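Trainee: Residue numbers (this note's numbering): 216 to 507.
We treat Cβ as the ideally placed atom computed from N, Cα and C, and that holds for glycine.
Owing to the predicted nature of the structure, the values given are computational and were not obtained by experimental measurement.
#1: Any idea if residue 371 is buried or exposed, counting beta-carbon neighbours within 10 angstroms, 16 or more meaning buried?
#2: I'd like the list of long-range same chain contacts for residue 415, defined as Cβ closer than 7 Å, with 5 residues on each side in sequence excluded.
#3: Can you give me the C-alpha to C-alpha distance between residue 325 and residue 485, rounded to a whole angstrom?
#4: Exposed or buried, what is residue 419 when buried is set at 16 or more other beta-carbons lying within 10 Å of its beta-carbon?
#5: Cα separation between residue 390 and residue 463?
#6: Give me whichever residues DSSP pairs with residue 360 in a beta bridge.
#7: Start and end of the beta strand (DSSP E) containing residue 458?
#8: Quick one, which of 289, 375 and 247 has its alpha-carbon nearest residue 316's?
#9: DSSP three-state call for residue 243: helix, strand or coil?
#10: Are the stretch 405-413 and the stretch 374-387 touching by the rule of at least three beta carbon pairs closer than 8 Å?
#11: Counting pairs of Cβ atoms below 8 Å between the stretch 245-252 and the stretch 359-366, do you hit three or more?
#12: Tell me whether the beta-carbon of residue 353 lies closer than 9 Å to the beta-carbon of residue 236.
#13: Taking three-plus beta-carbon pairs below 8 Å as touching, is the stretch 473-491 in contact with the stretch 442-452?
#14: Is residue 274 helix, strand or coil when you go by DSSP?
#15: Measuring alpha carbon to alpha carbon, tell me which of 262, 461, 222 and 483 ends up nearest residue 349.
#16: Tell me which same chain residues have a C-beta within less than 6 Å of the C-beta of residue 455, skipping the five on either side of it?
#17: CB residue 405 to CB residue 351, shorter than 9 Å?
#18: Can you list, in chain order, the residues of its chain whose CB lies under 7 Å from that of residue 388, leaving out five sequence neighbours each side?
#19: Is it buried or exposed for residue 429, if we count other Cβ within 10 angstroms and need 16 for buried?
Structure follows, in structure tokens:
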């Protein structure tokens, strides 16, 4: 890909920091500037060599910048685009790393109307339960999918540059419509996080919570790992995609009701058959990942 002369990362945490490190390791970026809410976090990113310079405001961040990644929680995107918009120069490509797309795109249309040719939404399917720039590492995106959801107004060259930047990080590129994206990820990402948070919250609120957690082992650890994720980020994701998420939650509640009915009726054979079907589907998915 063509060299990015200067990359600006808004939100230099796990996602934004790993993007910066990956592009630096690939040798496709000149300098990297960071901007965000916490000066202390940005200074830490500079100390770690993730960014070269801390910007105090958008005029400074965008001076000489030709590529911007907004990797902040989706609930902040509207305010970020509003603050960025007056200072964007023609040709500067803007993308995001938001886990929802409908709300992010609405914010783009609201504030970046003059710059829609170069504003290309995207979503890396990567992350970890740890957050912050200290958790960032350059191979986070290796072999991981990144979904690009281009707008009708996007210039072909801008879409190509966003795809090339993620590809330089080692990602596998996919394209979806924003609506399809939000429906799919409500089912396979947002719902699992909601369930993990809910289970841990339920157990933590019980009178014998210390006893329960003292006996929790690998099954509990594996199921609830994602409940260690960033609360603000996941609050914003759930609220932004709440309509699709409510539909998935209703479907899951129906599944739970069916499981409860099997237990109440003592239908062990039916329960085993359900477990077998789920086991086969899960193992098939795991094999696909190993062969990817």
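Mentor: Concretely, from the data shown:
#1: Looking up residue 371 in the chain shown gives position 156. Its Cβ having fewer than 16 others within 10 Å, residue 371 is exposed.
#2: As a first step, residue 415 must be located in the chain shown, where it is residue number 200. Around residue 415: 439 and 442.
#3: For the purposes of this step, residue 325 is taken as residue 110 along the chain shown, with counting starting at 1. For the purposes of this step, residue 485 is taken as residue 270 along the chain shown, with counting starting at 1. Taking the straight line from one Cα to the other gives about 52 Å.
#4: By one-based count along the chain shown, residue 419 stands at place 204. Counting C-beta atoms within 10 angstroms of its own C-beta, residue 419 has fewer than 16 neighbours from the protein chains shown and is therefore classed as exposed.
#5: Counted from its first residue, the chain shown places residue 390 at position 175. Counted from its first residue, the chain shown places residue 463 at position 248. Rounded to the nearest angstrom, the two C-alpha atoms are 22 Å apart.
#6: Start at 1 with the first residue of the chain shown, and residue 360 comes out as number 145. Answer is 387, bridged to residue 360.
#7: Here residue 458 is taken as the residue at index 243 of the chain shown, counted from 1. Looking at the DSSP string, residue 458 is not in any beta strand (DSSP E); the run it does join, the alpha helix (DSSP H), is 457-480.
#8: Your numbering for residue 316 matches position 101 in the chain shown. The shortest C-alpha separation from residue 316 is found at 289.
#9: In the chain shown, residue 243 corresponds to position 28, counting from 1. Of the three classes helix, strand and coil, the one that applies to residue 243 here is coil, per DSSP.
#10: no
#11: no
#12: Residue 353 sits at position 138 when you count from the first residue of the chain shown. Residue 236 sits at position 21 when you count from the first residue of the chain shown. Yes, they are a contact pair.
#13: no
#14: Your numbering for residue 274 matches position 59 in the chain shown. The answer is helix: DSSP assigns residue 274 an H, G or I state.
#15: Numbered from 1 along the chain shown, position 134 holds the residue referred to as residue 349. Comparing Cα-Cα distances from residue 349 to each of 262, 461, 222 and 483, the minimum goes to 262.
#16: Position 240 of the chain shown, counted from the start, is the residue given in the question as residue 455. Cβ within range, chain order: 289, 315 and 318.
#17: Numbered from 1 along the chain shown, position 190 holds the residue referred to as residue 405. Numbered from 1 along the chain shown, position 136 holds the residue referred to as residue 351. Inclusion of residue 405 and residue 351 in the CB contact set at 9 Å is not warranted, their separation being larger than that value.
#18: Within the chain shown, the letter at position 173 stands for residue 388. Taken in chain order, the residues that qualify are 361, 363, 378, 381 and 382.
#19: On the chain shown, position 214 is the one that residue 429 refers to. Per the 10 Å Cβ criterion, exposed.
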